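Chain order of the listed sequences is A and B. With the numbering used here applied, the first sequence covers 1 to 350. With the numbering used here applied, the second sequence covers 1 to 350. In this text, a Cβ means the ideal position worked out from N, Cα and C, and glycines have one as well. Every value quoted in this text rests on a predicted model; they were computed, and no experiment measured them. Worksheet for the structure shown next.
Number of protein chains: 2
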Amino acid sequence: MKTQDFTIALDAMGGDRGPEIVIPGAALAVQRHPNMKIIFFGDEARIAPLLDQHPKLKSVASIRHSEIAIAMDDKPSQALRRGRNKSGMWHSIEAVHKGEAAAVVSAGNTGALMAMSRFILRTLPGIERPAIAAIWPTILGESVVLDVGATVGADARQLIEFAIMGEAMASCLFKIDEPRVGLLNIGVEEVKGNEEVREAGRLLRELSLPLNYIGFVEGDDIGKGTADVVVTEGFTGNVALKTAEGTAKMITTFLRSAITSSLLSKIGAFLAQGAFGALKDRMDPRKHNGGVFLGLNGVVVKSHGGTDAFGFATAINVAVDMVNNGLIVKIAADVEAVNSILAQHSKAAE
Amino acid sequence: MKTQDFTIALDAMGGDRGPEIVIPGAALAVQRHPNMKIIFFGDEARIAPLLDQHPKLKSVASIRHSEIAIAMDDKPSQALRRGRNKSGMWHSIEAVHKGEAAAVVSAGNTGALMAMSRFILRTLPGIERPAIAAIWPTILGESVVLDVGATVGADARQLIEFAIMGEAMASCLFKIDEPRVGLLNIGVEEVKGNEEVREAGRLLRELSLPLNYIGFVEGDDIGKGTADVVVTEGFTGNVALKTAEGTAKMITTFLRSAITSSLLSKIGAFLAQGAFGALKDRMDPRKHNGGVFLGLNGVVVKSHGGTDAFGFATAINVAVDMVNNGLIVKIAADVEAVNSILAQHSKAAE
Chain A
1 MKTQDFTIAL DAMGGDRGPE IVIPGAALAV QRHPNMKIIF FGDEARIAPL
51 LDQHPKLKSV ASIRHSEIAI AMDDKPSQAL RRGRNKSGMW HSIEAVHKGE
101 AAAVVSAGNT GALMAMSRFI LRTLPGIERP AIAAIWPTIL GESVVLDVGA
151 TVGADARQLI EFAIMGEAMA SCLFKIDEPR VGLLNIGVEE VKGNEEVREA
201 GRLLRELSLP LNYIGFVEGD DIGKGTADVV VTEGFTGNVA LKTAEGTAKM
251 ITTFLRSAIT SSLLSKIGAF LAQGAFGALK DRMDPRKHNG GVFLGLNGVV
301 VKSHGGTDAF GFATAINVAV DMVNNGLIVK IAADVEAVNS ILAQHSKAAE
Chain B
1 MKTQDFTIAL DAMGGDRGPE IVIPGAALAV QRHPNMKIIF FGDEARIAPL
51 LDQHPKLKSV ASIRHSEIAI AMDDKPSQAL RRGRNKSGMW HSIEAVHKGE
101 AAAVVSAGNT GALMAMSRFI LRTLPGIERP AIAAIWPTIL GESVVLDVGA
151 TVGADARQLI EFAIMGEAMA SCLFKIDEPR VGLLNIGVEE VKGNEEVREA
201 GRLLRELSLP LNYIGFVEGD DIGKGTADVV VTEGFTGNVA LKTAEGTAKM
251 ITTFLRSAIT SSLLSKIGAF LAQGAFGALK DRMDPRKHNG GVFLGLNGVV
301 VKSHGGTDAF GFATAINVAV DMVNNGLIVK IAADVEAVNS ILAQHSKAAE
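Take a look at the structure:
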């Protein structure tokens, strides 16, 4: 399957710097995936000259011109009104819907991208609400954490859907057979947490779902890598993700100010620069770039808006992994299987 | 006021090591607060020999013997049943209720301590639900974050109560006049977040409460120190707190393994040990130890169960700050003022 040709649609106008990042990012990704084709969606006058600088990429790429670009601060409703049928973002998602591309990657406005993706691609049968899954660095490697902001206040049933979707994504991304799935809570005992989490936990424990459910996990378990997939609703997941970013930023600020505080420390840091390089490398947000929209009828990956070409290439790689490992088919099959178990369960409970 | 004598009740049996930490911790705190008296509650046979090792502390301390000690894994209901009128934890809280002590500090079981505190002390008039406030290190210093686990799923009204209580605590702890109060959300626009947070934000914006409300803040603002007080409901707050702990742990693990990976790095780290010491010092959890139970008719401070004598002394210092700066009186007055504004507002809205 991996040797087949496939096409990725790129929203060239998204992110803080648009084509200046997207085109060199695509050039990096194409080196890694020689059988990949690219369609750029956006302002041809800006895309074409940049593409001329990357002959190898140019040979596998085409451009679809769009008049309208969605701004990073457009509200989703505005973006839908203004960008429908006209914007690069819209057309790049539509390319997935029409089967012209296997996935779309955008560094644009998250709310607008989700609104358009739901509108064009629709959710998969049996999925009530989509989720955004983040790739989270841990002591043991990486984990998938969802939802980080698409569905605020998910109920028990939706949390189970997130578990299924996150499990499918983790198996595509990490190439493991039975990713460990944990439900984020404020304690590991059955009585802890809010009603939705307790009920989701009960269903996951009691039903024999085709899922390696390991129980409740707490906030500190995310960084420890206790689970490959950490499931929560969108409000808590978004706060957790940003809190972790803020904590990392605080610690690196402390470290920098401590090291530059004396000459001896500076010399020491110079000698240990290999170690600091290794630390920086492991914490590099560009290496974990790519929020995957799950539950839709197509692969949509959101790149961080402020990333560089290397980071954008990572997001493209995530999209390629999802395509090559059959994310959508896997989610659709898993959801069907789980829904039939849940249906039998509710029948039996009547 | 600070020169007056005051008494602190200590639950000597709480925490992973009980009196072995609590007594030397109290000895450190007494050095800093010479006008403080201490009552230890717990097993006299274990407390007395340890107290003999600290003559200065012994001269201002007394012991109240209790047969029963609450275990760290007792459920709150079990603890209440087993420890009522019999345990050191119960008696230490009761000492505050009776006015024998100005505050109680315990490193014991959080759930049991909250259950007993609510039972004995009751909530302040006008306060629906208590909160636990954590002291959070930030780039700029420290902030107060609440609730970190007492009240799961707080509504808009309760979030406003948390804002008032957190503001009172921050002014007692940081000695600042108008602490900046932020409401934790997943974006800064008015439409973001769940219903409770949006409604609390609307009330805080529209009513002229005696509160320096700065609007919505996001997870990464906590570590940045954007607000002196960060308000959220107990589920999200607990996840955020533990996620930050997990992230800090992950980064220090990465840093340690990077530094020990080569001889040159080790030499560099040796030369820069002053810098690493400074970093360790700023991140030291013992310096930010002390979760304050807010909304009760008395000062209750929870120490981390795994801390050492230095950390336990920090928790005592937090209790002393709350007592000396009149936390309870301030909260009671603020709540009354805010409730009268809220009542006028609902009347006007009818």
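| Item | Value |
| --- | --- |
| M1 of chain B classed as buried or exposed, judged by whether at least 16 other C-beta atoms fall within 10 angstroms | Residue placement at M1 of chain B is poorly supported in this model, since its pLDDT is 43, which falls under 50; the coordinates still yield a value, given next. Exposed: under 16 other Cβ atoms inside 10 Å. |
| Which residues DSSP lists as bridging T264 of chain A, in chain order | It should be pointed out that residue 264 of chain A corresponds to Leu in this sequence rather than to Thr. For L264 of chain A, which the question treats as bridged, DSSP gives no partner whatsoever. |
| Exposed unless 16 or more other CB atoms sit within 10 angstroms - verdict on G306 of chain A | exposed |
| Closer than 8 Å to chain B by CB, S143 of chain A | no |
| CB contact below 8 Å: I139 of chain A versus chain B | yes |
| Terminal residues of the beta strand (DSSP E) in which R180 of chain B lies | 180-184 |
| Range covered by the beta strand (DSSP E) that runs through V104 of chain A | 103-106 |
| Endpoints, alpha helix (DSSP H) assigned at P49 of chain B | 44-52 |
| Complete beta strand (DSSP E) runs within the stretch 246-302 of chain B (minimum length 3 residues, chain order) | 291-294, 299-302 |
| Cα-Cα separation between I116 of chain A and A45 of chain A, rounded to whole angstroms | First, the amino acid is wrong: residue 116 of chain A is Met here, not Ile. Going by the C-alpha atoms only, they are around 25 Å apart. |
| Continuous alpha helix (DSSP H) stretch holding A27 of chain A: start and end | 19-32 |
| Given 8 Å, three or more beta-carbon pairs between the stretch 210-226 of chain B and the stretch 226-243 of chain A | yes |
| Closest Cα partner of A315 of chain B within the set B:G326, B:L327, B:R286 | B:R286 |
| Whole-Å CB distance - V148 of chain B paired with N238 of chain B, under 8 Å assumed | 5 Å |
| Segment limits, beta strand (DSSP E) that includes A133 of chain B | 131-138 |
| Other residues of its chain near D308 of chain A: CB distance less than 7 Å, five sequence neighbours each side excluded | I21, R286 |
| DSSP-derived helix/strand/coil call for H304 of chain A | coil |
| Minimum C-alpha distance to F293 of chain A - residue among A:A134, A:E167, A:R64, A:K192 | A:A134 |
| Interface residues of chain A facing E351 of chain B [CB-CB closer than 7 Å] | A query on residue 351 of chain B cannot be resolved here, the shown segment of chain B reaching from 1 to 350 and no further. |
| Touching by the beta-carbon criterion (3+ pairs, under 8 Å), the stretch 19-36 of chain B and the stretch 47-62 of chain B | yes |
| Three-way DSSP call (helix, strand, coil) for L173 of chain A in this model | helix |
| Under 7 Å by beta carbon: chain A residues contacting A278 of chain B | A258, S261 |
| Interface residues of chain A facing R282 of chain B [CB-CB closer than 7 Å] | F254 |
| Own chain residues within Cβ distance below 7 Å of L312 of chain B, not counting five before or after | The question names Leu, but residue 312 of chain B in the sequence shown is Phe. Contacts found: I21, V22, G25, A107, S303. |
| Other residues of its chain near Q158 of chain A: CB distance less than 8 Å, five sequence neighbours each side excluded | E128, R129, T151, E233 |
| The stretch 5-12 of chain A in contact with the stretch 316-332 of chain A per 3-pair CB rule at 8 Å | yes |
| Within chain A, the residues that E20 of chain B reaches when beta carbons sit closer than 7 Å | Under the 7 Å cutoff, chain A gives no residues; its nearest Cβ is about 26 Å from E20 of chain B. |
| Integer Cβ distance of G153 of chain B from F235 of chain B, believed to fall under 8 Å | 7 Å |
| Three-state secondary structure (DSSP) of K37 of chain A | strand |
| Candidates B:G141, B:K175, B:M169, B:S262: closest to T226 of chain B by CA position | B:G141 |
| V323 of chain B in three-state terms, based on DSSP | helix |
| Contact check, I164 of chain B vs I331 of chain B, beta carbons under 8 Å | yes |
| Any 3 or more C-beta pairs closer than 8 Å across the stretch 251-260 of chain A and the stretch 273-280 of chain B | yes |
| Expected contact under 8 Å - CB spacing of V229 of chain A and S143 of chain A to nearest Å | 7 Å |
| C-beta neighbour in chain B for V239 of chain A, strict 8 Å | yes |
| Same chain, Cβ closer than 6 Å to T260 of chain A, five either side skipped, listed in chain order | none |
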